[in-house]
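Engineer:
In the UniProt record's numbering, the protein residues as written are 1 to 137.
(1) How would you label residue 148, buried or exposed, when you count the other beta carbons within 10 angstroms and need 16 or more for buried?
(2) Cα-Cα, which of 4, 98, 71 and 90 is closest to residue 122?
(3) Return helix, strand or coil for residue 37, following the three-state DSSP convention.
(4) For residue 62, which residues of its own chain have a beta-carbon under 8 Å away from its beta-carbon, when the five flanking residues on both sides are left out?
(5) Excluding the 5 residues flanking residue 129 on each side, which residues of the same chain have their C-beta closer than 6 Å to its C-beta?
(6) Could you say which of 115, 112 and 120 lies nearest to residue 103 if we only look at CA atoms?
(7) Using the Cα positions of residue 68 and residue 55, report the straight-line distance between them to the nearest angstrom.
(8) Note down, in chain order, each residue of its chain lying with its Cβ closer than 8 Å to the Cβ of residue 33, except the 5 sequence neighbours on either side.
(9) Alpha carbon to alpha carbon, how far is residue 136 from residue 106? Give it in angstroms, no decimals.
(10) Determine the DSSP secondary structure at residue 70, reduced to helix, strand or coil.
(11) Just to confirm, is the Cβ distance from residue 25 to residue 9 under 8 Å?
(12) In the DSSP assignment, find the unbroken beta strand (DSSP E) run with residue 96 in it and report its ends.
(13) Can you find the residues in the same chain that come closer than 6 Å, C-beta to C-beta, to residue 89, ignoring five residues on each side of it along the sequence?
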């Protein structure tokens with residue numbers, strides 16, 4: 001039976017195309033089973049209370065085998081992404097930085113806490129997930 005990787009993706013709401021494209025890349029990859037744990041705008045958390053939202057997000061992060069941080073420079077300007085990455089880091093959830101296509105400036109928020117940083121390539125991302133996830137260790 002093949003492994004199913006539980007992946008949490010740190011992303012920016014204003015860059016949803018990156019999230020959607022990353023999900024599609026990994027779901028369409030043969031012989032790689034993935035379940036996404038992050039909350040997208042289509043999966044309401046049903047609260048505007050930051051404390052409650054953080055509890056729900058932390059639960060999803062802790063249930064994940066690995067966190068993928070979309071490492072575009074915009075990630076350096078998001079308190080939420082910083083909190084998600086720090087939460088994963090403090091709880092020993094492996095973090096991989098994924099550099100969006102065409103990005104030359106990369107988020108230090110993600111890069112300084114990641115185990116590895118990969119380019120936007122299905123094989124690079126899959127290899128990093130297999131190597132660094134809690135299932136691969």
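All C-beta atoms, glycine included, are put in the ideal place defined by N, C-alpha and C.
Since the model is a prediction, treat every value here as computed from it, not as a measurement.
Structural biologist: Per the coordinate set shown:
(1) For residue 148 there is no data in the structure shown, the boundaries of the chain being 1 and 137.
(2) Numbered from 1 along the chain shown, position 122 holds the residue referred to as residue 122. The residue with the shortest Cα to Cα distance from residue 122 is 98.
(3) Numbered from its first residue, the chain shown carries residue 37 at position 37. Reduced to three states, the DSSP call for residue 37 is coil.
(4) Numbered from its first residue, the chain shown carries residue 62 at position 62. For residue 62, where only same-chain residues beyond five positions count, the Cβ hits under 8 Å are 91 and 93.
(5) For this step, residue 129 is matched to residue 129 along the chain shown. Taken in chain order, the residues that qualify are 5 and 66.
(6) Residue mapping note: residue 103 aligns to position 103 of the chain shown, counting from 1. Comparing Cα-Cα distances from residue 103 to each of 115, 112 and 120, the minimum goes to 120.
(7) Counted from its first residue, the chain shown places residue 68 at position 68. Counted from its first residue, the chain shown places residue 55 at position 55. So the two alpha carbons sit approximately 19 Å from each other.
(8) For this step, residue 33 is matched to residue 33 along the chain shown. For residue 33, where only same-chain residues beyond five positions count, the Cβ hits under 8 Å are 2, 3, 4 and 5.
(9) As a working mapping, residue 106 is identified with position 106 in the chain shown. As a working mapping, residue 136 is identified with position 136 in the chain shown. Cα to Cα, the separation comes out at about 26 Å.
(10) Taking the chain shown and counting its residues from 1, the one referred to as residue 70 is at position 70. In the structure shown, residue 70 sits in a strand (DSSP, three-state: E or B).
(11) Looking up residue 25 in the chain shown gives position 25. Looking up residue 9 in the chain shown gives position 9. Against a cut-off of 8 Å, the Cβ pair of residue 9 and residue 25 comes out as no contact.
(12) As a working note, residue 96 is residue 96 in the chain shown. Element bounds for residue 96: 95 to 99.
(13) Along the chain shown, read from residue 1 onward, the residue named residue 89 stands at position 89. Excluding positions up to five away in sequence, the list reads 113.
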